[in-house]
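Engineer: Here it is, the structure in full.
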Amino acid sequence: EAGVAQSPRYKIIEKRQSVAFWCNPISGHATLYWYQQILGQGPKLLIQFQNNGVVDDSQLPKDRFSAERLKGVDSTLKIQPAKLEDSAVYLCASSGQGHYNEQFFGPGTRLTVL
Amino acid sequence: GENVEQHPSTLSVQEGDSAVIKCTYSDSASNYFPWYKQELGKGPQLIIDIRSNVGEKKDQRIAVTLNKTAKHFSLHITETQPEDSAVYFCAASIGSARQLTFGSGTQLTVLP
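Chains R and G, in that order, are what the protein sequence lines are. Take 474 as the starting number for the first sequence in this note's numbering and just add one per residue. Take 21 as the starting number for the second sequence in this note's numbering and just add one per residue.
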């Protein structure tokens with residue numbers, strides 16, 4: 474079974490530029506999550522999708538971050554404009570149906586904002 | 021919202037010794053407590069989880085205990101090996117399909 478795929482793996486941009494990350498979840502997984510992991514901290518949920526609908530985006534800085542999951546499969550997370558404090562690893566995870574299904578994480582995209 | 025505290029932040033043990041990592045949570049409605057292992061450059065990987073209707077769960081060298089009354093849970097690794105060296109995160113949620121709130125992580129180093 475293929476895991477969660479993310480690209481790019483690394484990205485370096487200057488502040489005020491825009492950037493986009495892509496995630497392909499495990500086939501058949503209805504739920505998709507984007508997490509932000511700042512160095513030395515645990516992952517923090519940004520947004521959760523159930524199929525192509527948003528379940529929870531309460532911690533997404535909506536003035537600069539946006540995410541979409543068209544057709545309920547792949548997802549993209551965008552930052553525009555980026556700030557220095559956005560430097561982090563952006564993790565995508567997916568899980569199947571059910572109340573206690575494991576979240577499988579991708580390898581993440583390491584973003585450096587200069 | 022939920023708040024999860026984890027300690028210690030770093031832990032060094034000799035190969036073959038045991039390691040214990042502890043977490044506390046704040047929301048009494050939380051009922052699912054997974055533990056993740058994260059190696060350098062990789063995403064977190066689930067190693068064991070426990071639900072609130074169980075007090076202890078074991079899987080080979082790894083065990084997790086849960087005290088609902090005190091709202092804390094712990095990870096126990098016995099007979100540690102160098103490949104156990106990684107960052108370990110605890111988390112809590114109301115069911116795994118809901119958002120996970122992670123602890124701040126423990127860097128475990130197993131010395132040969």
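Yeah, the Cβ is synthetic: ideal placement off N, Cα and C, and Gly gets one too. Note that the structure is a prediction, hence the values are computed from the model and not measured.
Tell me which residues of the region 514-526 of chain R have at least one Cβ-Cβ distance to chain G shorter than 9 Å, keeping chain order.
Structural biologist: Per Cβ criterion, the list reads Q514, G515, P516, K517, L518, Q521 and Q523.
Engineer: Could you compute how far the alpha carbon of W55 (chain G) sits from the alpha carbon of S491 (chain R)?
Structural biologist: Approximately 34 Å between the Cα atoms of the pair.
Engineer: Using the beta-carbon count (16 or more within 10 Å), is L120 (chain G) buried or exposed?
Structural biologist: Looking at its Cβ environment, which holds 16 or more other Cβ atoms inside 10 Å, L120 (chain G) is buried.
Engineer: Would you list the one or two residues that DSSP bridges to N73 (chain G)?
Structural biologist: According to DSSP, N73 (chain G) bridges with nothing at all.
Engineer: In the region 27-49 of chain G, which residues sit with their C-beta less than 9 Å from some C-beta in chain R, listed in chain order?
Structural biologist: Those would be S29, in chain order.
Engineer: Within 10 angstroms of its Cβ, does K556 (chain R) collect 16 or more other Cβ (buried), or is it exposed?
Structural biologist: Exposed, by the Cβ-count rule.
Engineer: Is F578 (chain R) close to chain G? Criterion is C-beta to C-beta, closer than 8 Å.
Structural biologist: Yes, contact with chain G.
Engineer: Tell me the start and end of each unbroken beta strand (DSSP E) in the region 34-76 of chain G that is at least 3 residues and wholly inside, in chain order.
Structural biologist: As far as the region 34-76 of chain G is concerned, its whole beta strand (DSSP E) runs of at least 3 residues are 39-45, 52-58 and 65-71.
Engineer: Do A106 (chain G) and S50 (chain G) have their C-beta atoms within less than 8 Å of each other?
Structural biologist: Their beta carbons are not under 8 Å apart, which means A106 (chain G) does not touch S50 (chain G) by this criterion.
Engineer: What whole-angstrom Cβ distance do Q510 (chain R) and F494 (chain R) have, given they're in contact under 8 Å?
Structural biologist: 13 Å between Cβ atoms; not a contact.
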